[in-house]
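What follows is one structure encoded as structure tokens, with my remarks underneath.
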Amino acid sequence: QQQVKQSPQSLIVQKGGISIINCAYENTAFDYFPWYQQFPGKGPALLIAIRPDVSEKKEGRFTISFNKSAKQFSLHIMDSQPGDSATYFCAASMDSGGGADGLTFGKGTHLIIQP
Amino acid sequence: DVKVTQSSRYLVKRTGEKVFLECVQDMDHENMFWYRQDPGLGLRLIYFSYDVKMKEKGDIPEGYSVSREKKERFSLILESASTNQTSMYLCASSFRGGENIQYFGAGTRLSVL
Chain C
1 QQQVKQSPQS LIVQKGGISI INCAYENTAF DYFPWYQQFP GKGPALLIAI
51 RPDVSEKKEG RFTISFNKSA KQFSLHIMDS QPGDSATYFC AASMDSGGGA
101 DGLTFGKGTH LIIQP
Chain D
116 DVKVTQSSRY LVKRTGEKVF LECVQDMDHE NMFWYRQDPG LGLRLIYFSY
166 DVKMKEKGDI PEGYSVSREK KERFSLILES ASTNQTSMYL CASSFRGGEN
216 IQYFGAGTRL SVL
């Protein structure tokens, strides 16, 4: 059972355009929704994250939009640059009450920004 | 900077071998995790640990075990490697409590022949 569904699988955007990646989740106990960015040969690194008590969070060119009722969240990359070309993963976790919280990941989106 | 170091970038093993993947973090994190990454499947959680000698099963623990004898070190063990365990293995660590920010190593690409 795939608990976090991510789309599209791949995306090509022109330089300066807006990249949009969408995720949907099923488990209403999830309370933390991060996006990770992975470059070839590297491990994923946290890009931006949101909790369900807010509908939007912005950090520089990166914005998460969150729709709790629809159980969906999305990543928007404004003014996309060639350096943004990477694989992006959405993820979700729930508060285990002081223990370790494993992340449930989407399948990833391979983003290419064309110059 | 947080550093999560995985001992090998590439490993080639034979079917039936016992395989050890090692991970060390230098930030005194309580939590450590092992994921495997496969094309088109994303990252899937194998095992995690919130303290020394403590371990919890993730979503796909079958065929794997783990060991955490020291806080900074978390080992993934394949008792009898099989070809379907050919994958990229990623280790991560995080602080207990607060925001669940996980820091990942660069990964170990394991091929089982």
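Chains as they are written, first to last, in the numbering used here: chain C, 1 to 115; chain D, 116 to 228. Idealized CB from N, CA, C, for every residue including glycine.
Is the Cβ of residue i closer than 7 angstroms to any Cβ of chain C?
{"i": "residue 165 of chain D", "result": "yes"}
{"i": "residue 199 of chain D", "result": "no"}
{"i": "residue 228 of chain D", "result": "no"}
{"i": "residue 158 of chain D", "result": "yes"}
{"i": "residue 196 of chain D", "result": "no"}
{"i": "residue 161 of chain D", "result": "no"}
{"i": "residue 173 of chain D", "result": "yes"}
{"i": "residue 225 of chain D", "result": "no"}
{"i": "residue 126 of chain D", "result": "no"}
{"i": "residue 136 of chain D", "result": "no"}
{"i": "residue 191 of chain D", "result": "no"}
{"i": "residue 131 of chain D", "result": "no"}
{"i": "residue 222 of chain D", "result": "yes"}
Which of helix, strand or coil does DSSP assign to residue i?
{"i": "residue 153 of chain D", "result": "strand"}
{"i": "residue 81 of chain C", "result": "coil"}
{"i": "residue 3 of chain C", "result": "coil"}
{"i": "residue 217 of chain D", "result": "coil"}
{"i": "residue 199 of chain D", "result": "helix"}
{"i": "residue 207 of chain D", "result": "strand"}
{"i": "residue 113 of chain C", "result": "strand"}
{"i": "residue 134 of chain D", "result": "strand"}
{"i": "residue 147 of chain D", "result": "strand"}
{"i": "residue 70 of chain C", "result": "coil"}
{"i": "residue 175 of chain D", "result": "coil"}
{"i": "residue 165 of chain D", "result": "coil"}
{"i": "residue 184 of chain D", "result": "strand"}
State the Cα-Cα distance for the pair residue i and residue j, rounded to the nearest angstrom.
{"i": "residue 221 of chain D", "j": "residue 118 of chain D", "result": "10 angstroms"}
{"i": "residue 10 of chain C", "j": "residue 39 of chain C", "result": "14 angstroms"}
{"i": "residue 111 of chain C", "j": "residue 157 of chain D", "result": "14 angstroms"}
{"i": "residue 15 of chain C", "j": "residue 114 of chain C", "result": "6 angstroms"}
{"i": "residue 168 of chain D", "j": "residue 181 of chain D", "result": "9 angstroms"}
{"i": "residue 159 of chain D", "j": "residue 79 of chain C", "result": "31 angstroms"}
{"i": "residue 123 of chain D", "j": "residue 205 of chain D", "result": "11 angstroms"}
{"i": "residue 107 of chain C", "j": "residue 43 of chain C", "result": "15 angstroms"}
{"i": "residue 174 of chain D", "j": "residue 155 of chain D", "result": "17 angstroms"}
{"i": "residue 8 of chain C", "j": "residue 86 of chain C", "result": "14 angstroms"}
{"i": "residue 137 of chain D", "j": "residue 103 of chain C", "result": "20 angstroms"}
{"i": "residue 193 of chain D", "j": "residue 17 of chain C", "result": "45 angstroms"}
{"i": "residue 4 of chain C", "j": "residue 225 of chain D", "result": "26 angstroms"}
{"i": "residue 37 of chain C", "j": "residue 176 of chain D", "result": "25 angstroms"}
{"i": "residue 79 of chain D", "j": "residue 161 of chain D", "result": "Missing from the structure shown is residue 79 of chain D; chain D here goes from 116 to 228 and no further."}
{"i": "residue 91 of chain C", "j": "residue 55 of chain C", "result": "17 angstroms"}
{"i": "residue 57 of chain C", "j": "residue 134 of chain D", "result": "42 angstroms"}
Taking Cβ positions only, does residue i come closer than 7 angstroms to chain D?
{"i": "residue 44 of chain C", "result": "yes"}
{"i": "residue 31 of chain C", "result": "no"}
{"i": "residue 100 of chain C", "result": "yes"}
{"i": "residue 105 of chain C", "result": "yes"}
{"i": "residue 93 of chain C", "result": "yes"}
{"i": "residue 16 of chain C", "result": "no"}
{"i": "residue 108 of chain C", "result": "yes"}
Hey, is residue i's beta-carbon within less than 7 angstroms of any beta-carbon in chain E?
{"i": "residue 219 of chain D", "result": "Included in the structure are the protein chains C and D, with no chain E among them."}
Does the ligand ATP have a heavy atom nearer than 6 angstroms to the CB of residue i?
{"i": "residue 150 of chain D", "result": "You won't find the ligand ATP in this model; it holds no ligand whatsoever."}
Do three or more CB pairs link the stretch 34 to 53 of chain C to the stretch 204 to 216 of chain D at distances below 8 angstroms?
Flag = yes, the stretch 34 to 53 of chain C and the stretch 204 to 216 of chain D touch.
Are there three or more Cβ pairs, one per stretch, closer than 8 angstroms when the stretch 50 to 69 of chain C is compared with the stretch 27 to 41 of chain C?
The stretch 50 to 69 of chain C is in contact with the stretch 27 to 41 of chain C.
Given 8 angstroms as the limit, is there contact between the stretch 177 to 190 of chain D and the stretch 134 to 143 of chain D, that is, 3 or more CB pairs closer than that?
The stretch 177 to 190 of chain D, when compared against the stretch 134 to 143 of chain D, does touch it at the 8 angstroms Cβ threshold.
Contact between the stretch 7 to 27 of chain C and the stretch 70 to 82 of chain C: three or more CB pairs below 8 angstroms?
With the cut-off at 8 angstroms, the stretch 7 to 27 of chain C and the stretch 70 to 82 of chain C touch.
Entirely within the stretch 10 to 59 of chain C and at least 3 residues each: give me those beta strand (DSSP E) ranges in chain order.
The qualifying runs are 10 to 14, 19 to 25, 33 to 38, 45 to 50, 56 to 59.
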